[in-house]
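The structure under discussion appears below in the form of C-alpha cells.
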Amino acid sequence: MYDVLVIGAGVIGCAIARELSKYSIKIGVIEKEPDVAFGTSSRNSAVLHSGINYLPGTVRAELDVKGNAMMDELCASLKVPLKRIGKLTVALKEEDLPGLYKQQKQGEANGTPGMELMDNDKMRTIQPGIEGILGLWTPTSAIISSFGLTIALAENAKANGVDFHLNSEVTAIEKGEDSLTVVTSDGKRNSARVVINSAGLHCDEVSAMAGFTGAKIWSCRGEYYVLDKRLNGSLKTLIYPVPGPNDPGLGIHLTPTVDGNILIGPSAAYITEPGESREDYRATAAIMEDLKREGLRLLPELSASDFIRNFSGNRPKQTPPEKGGNADFTIEDVSEKVAPGKKVGFIHLLGMESPGLTSSPAIALKVKDMVEKHITLSPRTDFIAERPGFIGTFSELPLEQRMDLIRTEPEYGEIFCRCEQITKKEIRDAIENPLGARAMSSIKYRARAMMGRCQGGFCVPRIVRMLRDEYGFNPEDYFVRKDAPMFVGRVRESARGGASK
Ligand SMILES: Cc1cc2nc3c(=O)[nH]c(=O)nc-3n(C[C@H](O)[C@H](O)[C@H](O)COP(=O)(O)OP(=O)(O)OC[C@H]3O[C@@H](n4cnc5c(N)ncnc54)[C@H](O)[C@@H]3O)c2cc1C
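Note that the sequence shown covers residues 14 to 514 in the numbering used here.
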C-alpha cells in the first residue's frame, strides 16, 4: 500500500516522485518501459524555454518561467549538464515582425528576464554570419540533457526511498473506499491513496481506466537529424524562426546539444493513419530530405557525412489535427469525478507537450500542493538532495581530477567508447544503475557510449562482452528498447566453444 503512485516515468513523473520524496510518505512509480526516459522525455530539443512562446495567464506560461528559474540549482545538485547559451528568435522578413513583437509582449507579461530586440549587426556579435531583419534575444534560454535530467531525478528519488516498477504497463485502475488499485501487465496490483497519472502520450487512456472519459490526446511527431560533433562551436546560441499562429510546434530550428552535437528539427506531423501507434517514432524519407535541405541552408559548411543519425519524438496534443496550434497544460485533481464521495485522490496531467521539460520542477511543486489536499506531508530531515558518488562525465573533468580517479579506479583509464571518450568504469556504473534498468539504451543514456560518430560500431562488442563475461547476461536477452532485440542469434561458433544457433 502506497501513499502515492505515479504512473509514467518521464521527466514529469520523475520530478513529481522526487519532489514528494522530500516528505515522509511511501511513493511508487509505475512505468511500462524497461527504463525511465524512454518516452517523449528522451525525444525532444532539450531546450529550457524562457517564456516568450506562451499566452500570458496560461498554466504553461507560469510554469515555464518558474521551472526555468529553478533549473540552475536543481541541475547543480543532481550534476545534470545545463548551458545558458541564450536564444535568438529571428524575423527573416517583414511578415515575421508581428509574430516577433507578439513574442516580446508575451515575454514581458510572463516575466521573461533580460529580453532585448536586436538588429542584424547586434545579432552578429552573438552569432557571426546570422541573417535577419530583427531578432529577439532571450538570455535565459538554455540547453540541458533531457534524459540526463530524467535519470537524475529518478535515481535521486530512488535514493530517497521511492520504488520504481519498470516493465509494468498499467492496464486497469480499480476503486476502493480509501484507495485506488493499479493493475499492471506483469500481474501486480499496487494500491495507493493518491494516484497521479503522468502517462504522457497515453494519459487520456489511463484516465479512462479510472473512469474519466473526457480527455483525448493526439500524437504529433517531430523528426530530427543529429549532426556530427565536428561542427561543435559553430553555433553559439539557439536560433529559432518566428512561429506562425497555428504551427503545432516552434518551427524547425538548429539546436546545439550539451554534448556538442547539433540537432536540426523538429518537424510537426500528426499521426492520423489508422493503426499507427501514438509511439510510432519513425523517421520519414520526405521529412529527412526537408531537414537536410534546411540544414544546408542554415549551415552551408555541412557535408553529407555530418548527418550521423535521426530520431523522432511525439507531442501529446490536446488540439486535433484540423485545429493545430497548442492547448494549455491540463493539471487537474479529478478525484470527485473519478470516485465521488470516496477518500481517494486522482490527479492527471494531460497534454504535457512543450515546455514540459522546462516546467517539470514547477509542475512537481504544483502537483505536490494538490497531493497535500489528500494527505498530510511532513518534511523529512534525512532527504538527500544530491547524488553522492556520481562524477558526471569523466572526460569533462579537470585533468588533475581525472588522474586522481584513474589512480584509485584503474577502469577510468580504459576507453570503451572512442567517439565519446567513455571509460569502462562509466559503462560499469551505467550497467549497475540504481534502478536496475537493463537495456542497451539504459547504458547509452547514462554513459553516452554508442552516441558518437560510429554509433556503437567500436564499443558495442566490448560492452556486450562485458555484459556476458562479467555479469553473466545473455546478449540475446539484451535489447535496445522494448521489443527491439540487439541480437537474434549467433552466426558462428564462439571461440569459447558455444554452439551456434
Ligand atoms: C519534438 C519535441 C520537442 C520538444 N522540445 C522541448 C523543449 O525543447 N523544451 C521543453 O521544455 N519541452 C520540449 N518538449 C516537451 C517535453 O519533451 C515533454 O513535455 C516532456 O518530456 C513530457 O514528459 P512526460 O513525463 O509527461 O512524458 P513522457 O516522457 O512521455 O513520459 C510518460 C511515460 O508514461 C509511460 N506510460 C504511458 N502509458 C503507460 C501505462 N499504461 N503504464 C505505465 N506507463 C505508461 C510512458 O512509457 C512514458 O515513459 C518537446 C516535445 C517533443 C515531442
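Glycine included, C-beta positions come from ideal geometry on N, C-alpha and C. If you're wondering where the values come from, they're calculated on a predicted model, not measured in any experiment.
DSSP three-state assignment for residue i, whether helix, strand or coil
i           : result
residue 397 : coil
residue 17  : strand
residue 367 : coil
residue 177 : strand
residue 374 : helix
residue 387 : coil
residue 330 : strand
residue 163 : helix
residue 218 : helix
residue 50  : coil
residue 345 : strand
residue 251 : strand
residue 276 : strand
residue 68  : coil
residue 271 : coil
residue 320 : strand
In DSSP terms, what residue i is bridged to
i           : result
residue 96  : 156
residue 325 : 236
residue 494 : 497
residue 210 : 20, 361
residue 188 : 193
residue 202 : 196
residue 282 : 234
residue 183 : 197
residue 147 : 104
residue 43  : 20, 178
residue 60  : 156
residue 392 : 36
Chain-order list of residues whose beta-carbon lies under 7 Å from that of residue i (same chain, five-residue window excluded)
i           : result
residue 292 : 214, 327
residue 479 : 440
residue 174 : 34
residue 465 : 430, 432, 433
residue 365 : 25, 213, 329, 342
residue 400 : 91, 92, 165, 168, 169
residue 122 : 69
residue 334 : 231, 283, 285
residue 250 : 98, 99, 100, 101, 139, 140
residue 319 : 240, 241, 243, 244
residue 496 : none
Cut-off 6 Å between Cβ atoms - residues of its own chain near residue i, not counting five sequence neighbours on either side
i           : result
residue 300 : 236, 280
residue 475 : 429
residue 494 : 454
residue 469 : 463
residue 424 : 437, 438
residue 31  : 166, 169, 170
residue 172 : 397
residue 489 : 500
residue 185 : 196, 222
residue 471 : 431
residue 45  : 182
residue 443 : 456, 459, 460
residue 58  : 268
residue 311 : 267
Cβ-heavy atom distance, residue i to ligand 2, below 8 Å
i           : result
residue 215 : As for ligand 2, it is missing from this structure, which binds only ligand 1.
Closer than 9 Å to chain B by CB, residue i
i           : result
residue 240 : Of the protein chains in this structure there is only one, and it is not chain B.
Residues near residue i by beta carbon distance below 8 Å, same chain, minus five either side
i           : result
residue 143 : 101, 103, 133, 136, 137, 252
residue 426 : 419, 436
residue 384 : 17, 33, 207, 209, 358, 360, 390
residue 52  : 21, 23, 46, 213, 214, 292
residue 492 : 47, 452, 453, 498, 499
Decide yes or no for the touch test of the stretch 181-196 against the stretch 141-161: beta carbon pairs closer than 8 Å, at least 3 of them. no
Within 8 Å, do at least three Cβ pairs link the stretch 122-132 to the stretch 194-210? no
Suppose only complete runs of 4+ residues qualify. What are the alpha helix (DSSP H) ranges in the stretch 420-494, listed by chain order? 437-444, 453-460, 472-484
Let me know the beta strand (DSSP E) ranges lying completely inside the stretch 81-142, each 3 residues or longer, listed in chain order. 100-104, 129-131
Count Cβ pairs between the stretch 283-290 and the stretch 102-119 that sit closer than 8 Å; are there 3 or more? no
Contact the stretch 58-65 vs the stretch 80-89: 3+ CB pairs below 8 Å: Segment contact: the stretch 58-65 against the stretch 80-89, three or more CB-CB distances shorter than 8 Å; contact assigned.
Pick out the complete alpha helix (DSSP H) segments inside the stretch 290-318, 4 residues or longer, and give them in chain order. 298-311
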